[in-house]
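Worksheet: one structure, shown below.
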Amino acid sequence: MTVQDVISETTFVGNGATTSFPFSFRTDQISWLTLSYLVNFDEIILNGDQDTTPGGTVEYLVAPPVDQQITLFRNVPLTQALDYFRYGPFDSQSHEQALDKLTMALQDRDRNTAQKSKSITIEQPTNVEDVSMFFTPVALTISEMRAVLRGSTSPSVSWTIRFGPDRNGVGTEIVTGGTTTINITTGDDVTVLDNAVIPADSFIWLETSAKSGTVNALHITIRYTEVLP
448 MTVQDVISET TFVGNGATTS FPFSFRTDQI SWLTLSYLVN FDEIILNGDQ
498 DTTPGGTVEY LVAPPVDQQI TLFRNVPLTQ ALDYFRYGPF DSQSHEQALD
548 KLTMALQDRD RNTAQKSKSI TIEQPTNVED VSMFFTPVAL TISEMRAVLR
598 GSTSPSVSWT IRFGPDRNGV GTEIVTGGTT TINITTGDDV TVLDNAVIPA
648 DSFIWLETSA KSGTVNALHI TIRYTEVLP
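Under this note's numbering, residues 448 to 676 are what the sequence shown spells out, in order.
Structure below.
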């Protein structure tokens, strides 16, 4: 057997009609798969020969709603069950299967260290927002923050992203002094960061300090890489 594809994750988008979503990366066991959207989930069916036709389909009893994002990814367990006996026969097929599993595990780890993103949208934001985004059990390196407004009449919001081990604490700003966004089209791309490395076991949250004009929504996305131990 071989592992021809380096991809171990795929994303689907619901359209309100489709109930079957095919994927094409290899997995030898259903238990190695994690699915992000489980509402009305039915089953995962694997193709019979994962060597020649890797992948399978994700089946739902009811079609996921329009624009519902669904992520399926593989996490191969870091175990090794193959055991050779001294002076015993060498089973090349079993050995190749073990190598394939190791290759897939390395692919999964590579995916886990790739760049990811988190987003938050606040409708009708005020000048005193203090909203939790997420908690990270591993260290992160932030590479970019992008903010865009929806509104009219010269909208403007001053915002900052903070992090720290105590959600009730002051925290550390990724950009010291924060950022003021007025852009309602392509958004502001913030790449000059004063504190880009977030330690493990940190909360990340959004604060606003000023707002003017008519602001219907503030949307912020941060891009980062997980620093795995």
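All C-beta atoms, glycine included, are put in the ideal place defined by N, C-alpha and C.
- By the Cβ test, the segment 564-575 is not in contact with the segment 621-638, since fewer than three Cβ pairs between them sit closer than 8 angstroms.
- In this structure Ser483 does not touch Phe472 by the C-beta definition: roughly 16 angstroms separates them, more than the 8 angstroms allowed.
- Distance from the Cα of Gly495 is smallest, within the candidate group Glu591, Val595 and Gly503, for Gly503.
- For Gln515, the closest alpha carbon among the candidates Asn462, Glu490 and Tyr507 is that of Asn462.
- Counting of Cβ neighbours within 10 angstroms places Pro584 among the exposed residues, the total staying below 16.
- DSSP places Ile492 in the strand class (E or B) of the three-state scheme.
- Each residue's CA atom was taken as its position, placing Thr466 and Gln562 some 29 angstroms apart.
- Counting of Cβ neighbours within 10 angstroms places Pro501 among the buried residues, the total reaching 16 or more.
- Membership of Ala594 in the beta strand (DSSP E) is indicated by the continuous run Ala586 to Gly611.
- Glu654 is bridged by DSSP to Asp577 and Thr607.
- Assigned with DSSP and collapsed to three states, Ile477 falls in helix.
- Cβ neighbours of Ala510 within its own chain (closer than 6 angstroms, five residues either side excluded): Gly463, Ala464, Thr465 and Thr466.
- As a beta-bridge residue in DSSP terms, Ser649 pairs with Thr583.
- In the DSSP assignment, Val460 forms a beta bridge with Gln516.
- Between Gly625 and Ser656, the C-beta gap is smaller than 8 angstroms, which places the two residues in contact.
- Between the alpha carbons of Leu653 and Glu490 lies a gap of roughly 38 angstroms.
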